[in-house]
Amino acid sequence: MTATTTAPTAAAPSVRAVKRPSNRMRAWATRAPLLPALIFMIAVTQLPFVATLVISFFDWNALYPNARRFTGFANYTEVLTDADLRQSVWTTILLTAAVVLASLVLGLALALLLDRRFRGRGIVRTLLIAPFLVVPVAAALLWKHVLYNPEYGLLNGLLHYVGGPQPDWISNTPLLAVEASLVWQWTPFMMLILLAGLQSRDQQQIEAAKVDGANDWQVFRHLTLPHLRRYLELGALLGSIYIVQNFDAVFTITSGGLGTANLPYTVYQSFYQAHENGLASAAGVLVVIGSIIIATFALRVVSSLFREEASRA
Amino acid sequence: MSATAAVRERPRRTRGAGLGLLAWLAGILFFLPIAWMALTSFHSEEDAATNPPSFGAALTLDGYREFFGTGGGASPWPSLINSTVASLVSTLCVLLLALPAAYALSIRPVKKWTDVLFFFLSTKMLPVVAGLLPIYLFAKNTDMLDNIWLLVILYTSMNLPIAVWMMQSFLSEVPVAIIEAARVDGARLPTVLTRVVAPIALPGIAATALICFIFSWNELLFARVLTGVVAETAPVFLTGFITSQGLFLAKVCAASLVISLPVLAAGFAAQDKLVQGLSLGAVK
Numbered sequence: 001m002t003a004t005t006t007a008p009t010a011a012a013p014s015v016r017a018v019k020r021p022s023n024r025m026r027a028w029a030t031r032a033p034l035l036p037a038l039i040f041m042i043a044v045t046q047l048p049f050v051a052t053l054v055i056s057f058f059d060w061n062a063l064y065p066n067a068r069r070f071t072g073f074a075n076y077t078e079v080l081t082d083a084d085l086r087q088s089v090w091t092t093i094l095l096t097a098a099v100v101l102a103s104l105v106l107g108l109a110l111a112l113l114l115d116r117r118f119r120g121r122g123i124v125r126t127l128l129i130a131p132f133l134v135v136p137v138a139a140a141l142l143w144k145h146v147l148y149n150p151e152y153g154l155l156n157g158l159l160h161y162v163g164g165p166q167p168d169w170i171s172n173t174p175l176l177a178v179e180a181s182l183v184w185q186w187t188p189f190m191m192l193i194l195l196a197g198l199q200s201r202d203q204q205q206i207e208a209a210k211v212d213g214a215n216d217w218q219v220f221r222h223l224t225l226p227h228l229r230r231y232l233e234l235g236a237l238l239g240s241i242y243i244v245q246n247f248d249a250v251f252t253i254t255s256g257g258l259g260t261a262n263l264p265y266t267v268y269q270s271f272y273q274a275h276e277n278g279l280a281s282a283a284g285v286l287v288v289i290g291s292i293i294i295a296t297f298a299l300r301v302v303s304s305l306f307r308e309e310a311s312r313a
Numbered sequence: 001m002s003a004t005a006a007v008r009e010r011p012r013r014t015r016g017a018g019l020g021l022l023a024w025l026a027g028i029l030f031f032l033p034i035a036w037m038a039l040t041s042f043h044s045e046e047d048a049a050t051n052p053p054s055f056g057a058a059l060t061l062d063g064y065r066e067f068f069g070t071g072g073g074a075s076p077w078p079s080l081i082n083s084t085v086a087s088l089v090s091t092l093c094v095l096l097l098a099l100p101a102a103y104a105l106s107i108r109p110v111k112k113w114t115d116v117l118f119f120f121l122s123t124k125m126l127p128v129v130a131g132l133l134p135i136y137l138f139a140k141n142t143d144m145l146d147n148i149w150l151l152v153i154l155y156t157s158m159n160l161p162i163a164v165w166m167m168q169s170f171l172s173e174v175p176v177a178i179i180e181a182a183r184v185d186g187a188r189l190p191t192v193l194t195r196v197v198a199p200i201a202l203p204g205i206a207a208t209a210l211i212c213f214i215f216s217w218n219e220l221l222f223a224r225v226l227t228g229v230v231a232e233t234a235p236v237f238l239t240g241f242i243t244s245q246g247l248f249l250a251k252v253c254a255a256s257l258v259i260s261l262p263v264l265a266a267g268f269a270a271q272d273k274l275v276q277g278l279s280l281g282a283v284k
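One line per chain: the protein sequences are A and B, in this order.
Okay, so the first sequence: first residue is 1 according to UniProt numbering, each after it adds one.
Okay, so the second sequence: first residue is 1 according to UniProt numbering, each after it adds one.
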C-alpha cells in the first residue's frame, strides 16, 4: 500500500518539472485573451479614482494653483458639515429611493398586466418600452418644456379642459417634477425585468395550487411574490446604481436649483463652475462610498442569480 | 357540469377583457408624452405654444428645418457626426476587447473566472463622477480636451463591463459538446470560432453592440465636461438648444425626436435581448 503510493509521488516531481513550462505557457495562453480588456479597465477606471482619492486630501482651487496644499481630512469635514452638500446627500437618497420604489411598483403592475394574453399585447409592450428609449436629455427637455410649462405645457393644457388649476409644476414641486420624469423613464426597465421573472415561474406549480383551490391573490402572495423577490431586488439595485448617478434630469429640468442638486450634480458644479478640486474630489469619494454600500448588495444578488442560472444550465 | 363551467367562465372572461383594456390604457398613457412630442414637432411654433393645446393644428416641417439649421441657427450635423463616431467606434472597441475576454471567461475559462467577471461588474458601480476630475485634469494637461477620441476611450471603458457580462452569458449558451465534437473532427480554433461559436452567439453579440451604442449615444456628463466646440455630441448640442429667445417648443420636439431616433431604432431591434443585456445577463 505505502509502496504503491510513494512510487508515483517520487516520480511526480520529475514529470512536473518537464511539464511546468508548457503548463505555464498554456495558462498564459488561456489568460491572454482576457488581458487587453482587464488592463484597459484598470487604466481607465481605477487609476483616475486613485487620483481622486489623492486630490481629496488637498486644498486645491484650480483658480489658485499655487495655493495647493495638503489638508488631510479637512475637505471631508467641510463636505459633511456644509449645509448645501449635506442637503445634496439627502436629495440623492430621496431622489433615488423615490424613483426606484415608484418605478418598481408601477413596473410590477404593468408586468402583471402584460403577463396575461390579450389582443395587441406586443404593441402595448412596445408602447411601454418606448419611454426608456428616449435619449435622457431629450426626455428631460420634453418634461420640462412640453409637459410642465405652466403656460402652454400639456399637463396644464389637459387640466384646462376639466377646469382644473394651472400650477407651476417645477417651481411648486421641483424634486417631484424631476422624480416623475425619471419614474416615466425607469418604469419600463423595471417592467422588463419583472416580466422576465413572471415568465420564468413554474406554471405547473401554479396550476397545482389552483386545482387545490388557491385564488388569484393567494397564488400571487404565496407563489409569485416569493419567486419575484430576486427580480425585485435586482431591479431595485440596478436602478439604484443608475439613478444615484443621475445627472441629465437634474441638470436639465432644474439645473440643480430649488433643492434638487444631487451629489453628481454638486460634484460637477464644484469643480466645473467653482473650480474647487479638493472639495469636488472629497464629494466624489463620498459618492463612491455610498455606491459601494449599494454595490455590495447588488453584487450579492447578481451572483446568487448567476449561480442559480449556472446550476440550472 | 358544463353549465356551471360556463357560469364560472363568463366573469373571468369579462375581467380578462377589462385587464387587457387597462393594459392598453397604461401603454397609451406611457406613450402619450412621446406621441405629443411627435405631434408638436410638426406644428408651427405658434400652434405648439397654446393653452388649451391645439391638437388639430396645421402640420408643418418648420421645426425640423429650424433644427437642421436651415433657419439660420447652428447646424446640428457636426454634433450628430461626433455622436455617431463616438458611439460606433467605442462600440467597435468594446466588441474587440470584450469578445476575447468573454471567451476566456466562458468557453475556455481561466482559473477564478467568476472573480474576474465580478471585478468587471464592480467597475461599473464606480460612479462616473468619481473619476471625472482627474480625467478632466489629465485631458487638460495633455491637450485632449474637446477631442472626440477621448470620449471614445471613456465610452469604451463605460460599456466594456456590461459587454463582457452580456457576452459571457451569451457565449456560455454555446454547448461545450459541439465545440469538442468539432475539435475531435479536426477543426482548428479559427474554424471552430467562425463556424460553430459565431452562428450561435451572433444574435447576442448584436444585442450587446446595440446596447453599448445606446449608452454611448445617450451619455451627457463626460461629453458636457470634456468637449467644447469641436467635439460636441448630440446630447450636449441639445442642452444648448434652448438659449434662444422666443418660442422654441416645435424646434425642441423635432430635435429631441431626431436625436432619439437612433436609440429607439436600436432599442426596438434589440428588444428581445434587452432585459438580458440590461440585467447584465442575470435575467434570461
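Each residue gets a CB set at the ideal place from its N, CA and C atoms; glycine is no exception.
Residue i: contacting residues in chain A (beta-carbon distance under 8 Å)
| i | result |
| --- | --- |
| methionine 37 of chain B | Leu142, Val146 |
C-beta neighbour in chain A for residue i, strict 8 Å
| i | result |
| --- | --- |
| cysteine 212 of chain B | no |
| valine 89 of chain B | no |
| glycine 277 of chain B | no |
| isoleucine 259 of chain B | yes |
| phenylalanine 215 of chain B | no |
| alanine 23 of chain B | yes |
| arginine 108 of chain B | yes |
| threonine 208 of chain B | no |
Simplified DSSP state of residue i, which is helix, strand or coil
| i | result |
| --- | --- |
| alanine 5 of chain B | Confidence at alanine 5 of chain B is low in this model, with a pLDDT of 49, below 50, so the placement of that residue should be treated as unreliable; the coordinate-derived value is given next. In the structure shown, alanine 5 of chain B sits in a helix (DSSP, three-state: H, G or I). |
| asparagine 61 of chain A | strand |
| glutamate 66 of chain B | helix |
| glutamate 276 of chain A | strand |
| alanine 27 of chain A | helix |
| alanine 208 of chain A | helix |
| aspartate 248 of chain A | helix |
| valine 229 of chain B | coil |
| arginine 117 of chain A | coil |
| arginine 108 of chain B | coil |
| tyrosine 265 of chain A | helix |
| methionine 144 of chain B | coil |
| residue 286 of chain B | Nothing about residue 286 of chain B can be reported from this structure: the residues present for chain B run from 1 to 284 only. |
For residue i, the first and last residue of its enclosing alpha helix (DSSP H)
| i | result |
| --- | --- |
| isoleucine 162 of chain B | 148-171 |
| histidine 160 of chain A | 154-161 |
| isoleucine 135 of chain B | 128-141 |
| arginine 125 of chain A | 121-129 |
| residue 395 of chain A | Since the displayed chain A opens at 1 and closes at 313, residue 395 of chain A lies outside it and no answer follows. |
| lysine 124 of chain B | 113-124 |
| aspartate 272 of chain B | 271-278 |
| valine 225 of chain B | 221-226 |
| histidine 227 of chain A | 225-244 |
| valine 99 of chain A | 83-114 |
| valine 196 of chain B | Premise fails: valine 196 of chain B is in no alpha helix (DSSP H) and is neither H nor E. |
| aspartate 185 of chain B | Aspartate 185 of chain B -> no alpha helix (DSSP H), and no H or E assigned at all. |
| isoleucine 253 of chain A | From DSSP, isoleucine 253 of chain A is part of no alpha helix (DSSP H); its letter is neither H nor E. |
| proline 235 of chain B | 234-239 |
Strand pairing of residue i, partner residues [DSSP]
| i | result |
| --- | --- |
| phenylalanine 70 of chain A | A:Phe58 |
Contact with chain B by residue i, beta-carbon distance below 8 Å
| i | result |
| --- | --- |
| aspartate 202 of chain A | no |
| valine 124 of chain A | yes |
| arginine 26 of chain A | no |
| leucine 299 of chain A | yes |
| alanine 295 of chain A | yes |
| methionine 41 of chain A | yes |
| alanine 37 of chain A | yes |
| proline 264 of chain A | yes |
| glutamine 185 of chain A | no |
| alanine 12 of chain A | Low confidence applies to alanine 12 of chain A: its pLDDT is 43, below 50, so where it sits in the model is not reliable enough to give any reading. |
Per-residue contacts from residue i into chain A (C-beta, under 9 Å)
| i | result |
| --- | --- |
| proline 203 of chain B | Within chain A, no residue comes near proline 203 of chain B; the closest Cβ sits about 17 Å away, beyond 9 Å. |
| threonine 50 of chain B | Tyr152, Gly157 |
Interface residues of chain B facing residue i [CB-CB closer than 8 Å]
| i | result |
| --- | --- |
| serine 22 of chain A | In chain order: nothing, as chain B lies at least about 16 Å away. |
| isoleucine 129 of chain A | Gly267, Phe268, Gln271, Leu274 |
Residue i: contacting residues in chain A (beta-carbon distance under 7 Å)
| i | result |
| --- | --- |
| methionine 166 of chain B | Simply none; closest approach about 13 Å. |
| asparagine 159 of chain B | Going along chain A, no residue has its Cβ under 7 Å from asparagine 159 of chain B, so there is no contact; the nearest lies around 11 Å. |
| glycine 131 of chain B | Thr45, Pro48, Phe49, Thr52 |
| valine 252 of chain B | Leu141, His145 |
Contact set between residue i and chain B, taken where Cβ atoms lie within less than 7 Å
| i | result |
| --- | --- |
| aspartate 248 of chain A | Leu220 |
| glutamine 273 of chain A | The contacting residues do not exist; glutamine 273 of chain A stays about 11 Å from chain B at best. |
Chain-ordered neighbours of residue i on chain D, where CB pairs are closer than 7 Å
| i | result |
| --- | --- |
| isoleucine 241 of chain A | This model lacks chain D altogether, as its protein chains are A and B. |
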